[in-house]
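Asker: Okay, so the sequence shown: first residue is 370 according to our numbering, each after it adds one.
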Amino acid sequence: MPAPIQHAQLEELLQTRSLVPRAQLETLVQEARTSGRPLRALIEESGVIPESVWAETLAEQYGLPYDPLTEFRPDPELCQLLPLEAWQRYSCVPLAETANGVKIAMATPHDLRALDALERLLGRPLQVVVAPRSLILAALVQPAGHQQVFTRIQEEFRPVLVRENEQGDEILSVEKITKDQSPIVKLVDAIILRALEQRASDIHLEAADNTVAVKYRVDGVLHPAMDPLDAKVHAPLISRLKVMSELDIAERRVPQDGRFRLKLDRRTVDFRVSILPSAFGESAVIRILDKEHIASGVRGLRLDRLGFNEQDLKRFRRSITAPYGMILMTGPTGSGKTTTVYAAINEIYTEEEKIITIEDPVEYQLQGIVQIPVNEKKGLTFARGLRSILRHDPDKVMVGEIRDAETAQIAIAAALTGHLVFTTVHANNTFDVIGRFVNMGIDPYNFVSALHCILAQRLVRAICSECKTPQDVDAAECLDNGLDPALLAGRPLYHGQGCANCHGMGYRGRYAITEFLDLSDRIKEMILDRKPSSEIRKAALAEGMTMLRQAAVDKVIRGETTLREINRVTFVEENK
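1) Between L633, A712 and D853, which has its C-alpha nearest R563's C-alpha?
2) Pick from L487, A508 and R684: whose alpha carbon is nearest that of M914?
3) Give the DSSP bridge partners of L633, in chain order.
4) Do you know how far the Cα of C833 is from the Cα of L862?
5) Run through DSSP, which three-state label would E716 get?
6) Tell me the start and end of each unbroken alpha helix (DSSP H) in the region 732-756 that is at least 4 residues and wholly inside, in chain order.
7) Would you kindly work out how many angstroms separate the C-alpha atoms of S903 and P597, rounded to a whole number?
8) Pull up the distance between the alpha-carbon of M809 and that of Y711, whole angstroms please.
9) Using a Cβ-Cβ cutoff of less than 6 angstroms, which residues in the same chain neighbour R830 once the five nearest sequence positions on both sides are dropped?
10) Within 10 angstroms of the Cβ of R827, are there 16 or more other Cβ atoms? Answer buried if so, exposed if not.
11) Could you tell me whether the region 671-680 touches the region 792-808, where touching means 3 or more Cβ pairs closer than 8 angstroms?
12) Using the C-alpha atoms, what's the distance from V794 back to A909?
13) Relative to the alpha-carbon of L658, which residue among P730, K723, D681 and E720 has its alpha-carbon at the smallest distance?
14) Please report the distance separating the alpha-carbon of I473 from that of A401.
15) Is the separation between the beta-carbon of M698 and that of K706 shorter than 8 angstroms?
16) Quick check: what's the CA-CA separation for A844 versus I418?
17) Just checking: is the beta-carbon of T426 within a distance shorter than 8 angstroms of some beta-carbon in chain D?
18) What distance in whole Å lies between the Cβ atoms of G769 and I727, which are believed to be in contact at a cut-off of 8 angstroms?
19) Should A468 be labelled buried (16 or more other beta-carbon atoms within 10 Å of its own) or exposed?
20) Could you give the DSSP three-state label for Q922: helix, strand or coil?
21) Below 8 angstroms on the Cβ atoms is my contact criterion, and I expect L438 with A508 to pass it. Report the Cβ-Cβ distance as a whole number of Å.
22) Answer yes if the region 481-495 comes into contact with the region 420-432, meaning at least three C-beta pairs across the two stretches below 8 angstroms, and no otherwise.
23) Kindly indicate the opening and closing residues of the beta strand (DSSP E) around R877.
24) Taking the beta carbon of G867 as the centre, do at least 16 other beta carbons fall within 10 Å, making it buried, or is it exposed?
25) Less than 8 angstroms between the C-beta atoms of D639 and R628, yes or no?
26) Cutting at 8 angstroms between CB atoms, please list the residues of its own chain near P839, excluding the five before and the five after it.
27) Where does P854 fall in DSSP's three states?
28) Helix, strand or coil, according to DSSP, for M809 in the structure here?
29) For I724, which option in V766, D887 and E429 has the closest C-alpha, if you only look at C-alpha atoms?
30) Would you kindly report the start and end of the unbroken alpha helix (DSSP H) that includes I779?
31) Assuming contact is defined by CB atoms lying nearer than 8 angstroms, are E716 and R656 in contact in what I supplied?
32) So within the region 412-471, which uninterrupted beta strand (DSSP E) runs reach at least 3 residues, ignoring any that extend past its ends?
33) Taking the CB atoms as reference points, tell me whether V497 and L451 lie closer together than 8 angstroms.
34) For the region 605-621 against the region 883-895, do three or more pairs of beta-carbon atoms, one drawn from each stretch, fall closer than 8 angstroms, so that the two count as touching?
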């Protein structure tokens, strides 16, 4: 442990560097004297000094070096000196092993008990440098971190492969994690388990000339999961996935699709695997379907938690409480349409009404609702299933997607005969939906008579609340992005710096941005008169409609997301 160092009083140091306003410092000093608590503890709790500046102040007070950890990369062997939990408990991380002991970065150099405990555990002297606590915690869990993360997760979850026989009965194929287990098996388990830890929806394994890239899709965006793997592991890696998915190992020239299950910590997670030949060998995508985790979130899901603006939320809630008619959702794949439909169904569900859904696939189950999966191989299409559903006397019906004229006709007929029908269709915006149905050959009068509203939506990533910081944006950049600088009125925009909470990405979670078209009498008349979309759009704007781009800009102004993020999913032209 470093010998105690003589240093200036903390109060004098804060006054000298003008880190805290004099009046506030006097209040804190008085509170420290009254309560008997250390001044440094009160300053840390108040958050009056930025974390990095506070770390620099502590370093100066104790005569120790300051390290922002900008060049730090964890050394797996050095991290193995202590369990990961010990490094986290004492808010420190090992930097290097020297002839004089172990050099560590620490957020609390004044914690003598922690220093004593670390010296006893390590059995060697410490060389302490000071670093911000959040950067230390981020360093401990960053993707390039040590093997303890993988080892700990494997020991906790102990993945067990679950198979099904032809009768649909589950057969457990126990593949124990032992010292004799293949390194490839361990690698696949580690990749999957880290993906679950980071809330990934997909795992991408992409073959290149001399490497294999491993990427995760988190909150709709791909990012590298680890350093590229050597090309030597490519063939056994793909073979392992094929074995787990019961695919043909010898076939490498045509695409293959399969699935497998893993039991993890008392829950079962489904995985869909798609193998595709490419120029440098087969690439794979693994879709993660953690139904139990999703279902637990869906049970408490409500529309006001999705990020709707207040006006669209009020209008949409009015539409879904109608006794009959059609509610249309539109947007590209992965835009959150299904989540919005389930949130709407959650809000209107009562035991007095029967709700039946037909979906492809049923990704998670809702209590009290009859859900039917499409099975086109067996002849159960959306159209055929919808016909049968209507014979079961439902009050409300959800059709996962309208793909053809036949399904559209039946859905419209159901809406016209006293049922409330929720459905989705792929289109870029609310006005393109009208053209889609007309091009299918649907009678405009029946379509307009059945339709209550159209909701288009996208998903934008939310700035991480833990590392959210102000960001300066000049007027020219605002204008280029369709944002009036006057709207900011001195208010800053925000971005995420990256921390342990968001795995260094600066974003965590997503919000919906919406475009709601209410079928007013004027809009219905214009559709029946075959008016162009541009005229219908002008009329809708005059009635108070908020376009997708404007909804996205509003979230930027409120500090919920960034300009870069809304430019990823919307166009400036949409608001013109």
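No residue lacks a Cβ here, since even glycine has one placed at the ideal position from N, Cα and C. The structure presented is a predicted model; accordingly, all values stated were derived computationally and were not measured.
Answerer: In this structure, then:
1) As a first step, residue 563 must be located in the sequence shown, where it is residue number 194. Per the Cα distances, L633.
2) Walking along the sequence shown from the start, residue 914 turns up at place 545. Of the listed residues, the one whose Cα sits closest to M914 is R684.
3) Sequence index remark: in the sequence shown, residue 633 carries index 264 (1-based). Partner(s): R636.
4) Here residue 862 refers to the residue found at position 493 when the sequence shown is read from its first residue. Here residue 833 refers to the residue found at position 464 when the sequence shown is read from its first residue. Cα-Cα distance, rounded: 14 angstroms.
5) To locate residue 716, count along the sequence shown from 1; it is residue 347. Three-state DSSP puts E716 in a helix.
6) none
7) In the sequence shown, counting from the first residue as 1, residue 903 sits at position 534. In the sequence shown, counting from the first residue as 1, residue 597 sits at position 228. Each residue's alpha carbon lies about 48 angstroms from the other.
8) Here residue 809 is taken as the residue at index 440 of the sequence shown, counted from 1. Here residue 711 is taken as the residue at index 342 of the sequence shown, counted from 1. Answer to the nearest angstrom: the Cα atoms are 27 angstroms apart.
9) Locating residue 830 in the sequence shown gives position 461, where the first residue counts as 1. Taken in chain order, the residues that qualify are D588, Y876, R879 and E934.
10) Here residue 827 refers to the residue found at position 458 when the sequence shown is read from its first residue. Result: buried.
11) Using a Cβ-Cβ distance cut-off of 8 angstroms, the region 671-680 and the region 792-808 are not in contact, since fewer than three pairs of beta carbons, one from each stretch, lie closer than that value.
12) In the sequence shown, the residue the question calls residue 909 occupies position 540. In the sequence shown, the residue the question calls residue 794 occupies position 425. Rounded to whole angstroms, A909 to V794 spans 20 angstroms at the Cα level.
13) Within the sequence shown, residue 658 is the residue found at index 289, counting from 1. Here the closest residue by C-alpha is P730.
14) By 1-based counting over the sequence shown, the position of residue 473 is 104. By 1-based counting over the sequence shown, the position of residue 401 is 32. Each residue's alpha carbon lies about 30 angstroms from the other.
15) The residue labelled residue 698 in the question sits at position 329 within the sequence shown. The residue labelled residue 706 in the question sits at position 337 within the sequence shown. Yes; because the gap between Cβ atoms is below 8 angstroms, this pair is in contact.
16) The residue given as residue 844 occupies position 475 in the sequence shown. The residue given as residue 418 occupies position 49 in the sequence shown. Their backbone Cα atoms lie some 29 angstroms apart in a straight line.
17) Absence of chain D from the displayed structure is noted, only one protein chain being present.
18) Counting from one through the sequence shown, the residue named residue 727 turns up at place 358. Counting from one through the sequence shown, the residue named residue 769 turns up at place 400. Between G769 and I727 the Cβ distance is about 6 angstroms, and since that is below 8 angstroms, they are a contact.
19) Counting from one through the sequence shown, the residue named residue 468 turns up at place 99. Looking at its Cβ environment, which holds fewer than 16 other Cβ atoms inside 10 Å, A468 is exposed.
20) Reading the sequence shown from its first residue, position 553 is the one you call residue 922. A quick correction: the sequence has Val, not Gln, at residue 922. Here V922 sits in helix by DSSP.
21) In the sequence shown, residue 438 corresponds to position 69, counting from 1. In the sequence shown, residue 508 corresponds to position 139, counting from 1. With 8 angstroms as the limit, L438 and A508 qualify as a contact, their Cβ atoms being about 6 angstroms apart.
22) no
23) Mapped onto the sequence shown, residue 877 falls at position 508. From DSSP, the beta strand (DSSP E) with R877 extends over Y876 to D887.
24) The residue given as residue 867 occupies position 498 in the sequence shown. With 16 or more Cβ atoms within 10 Å of its Cβ, G867 is classed as buried.
25) Here the question's residue 639 lines up with position 270 in the sequence shown. Here the question's residue 628 lines up with position 259 in the sequence shown. Yes, the pair counts as a contact, with Cβ atoms nearer than the cut-off.
26) Locating residue 839 in the sequence shown gives position 470, counting from the first residue. Cβ neighbours of P839 beyond the five flanking positions: P861, L862 and Y863.
27) Within the sequence shown, numbered from 1, the residue matching residue 854 stands at position 485. Note: P854 maps to helix in three-state DSSP.
28) Position 440 of the sequence shown, counted from the first residue, corresponds to residue 809. Correct three-state label for M809: coil.
29) Looking up residue 724 in the sequence shown gives position 355. Checked all of V766, D887 and E429; the closest Cα to I724 is V766.
30) Counted from its first residue, the sequence shown places residue 779 at position 410. Where I779 is concerned, the enclosing alpha helix (DSSP H) stretches over A774 to L785.
31) Stepping through the sequence shown from its first residue, residue 716 is reached at position 347. Stepping through the sequence shown from its first residue, residue 656 is reached at position 287. Not a contact, by the Cβ cut-off of 8 angstroms.
32) 461-467
33) Within the sequence shown, the letter at position 128 stands for residue 497. Within the sequence shown, the letter at position 82 stands for residue 451. Not closer than 8 angstroms, so no.
34) Not touching, per the Cβ criterion.
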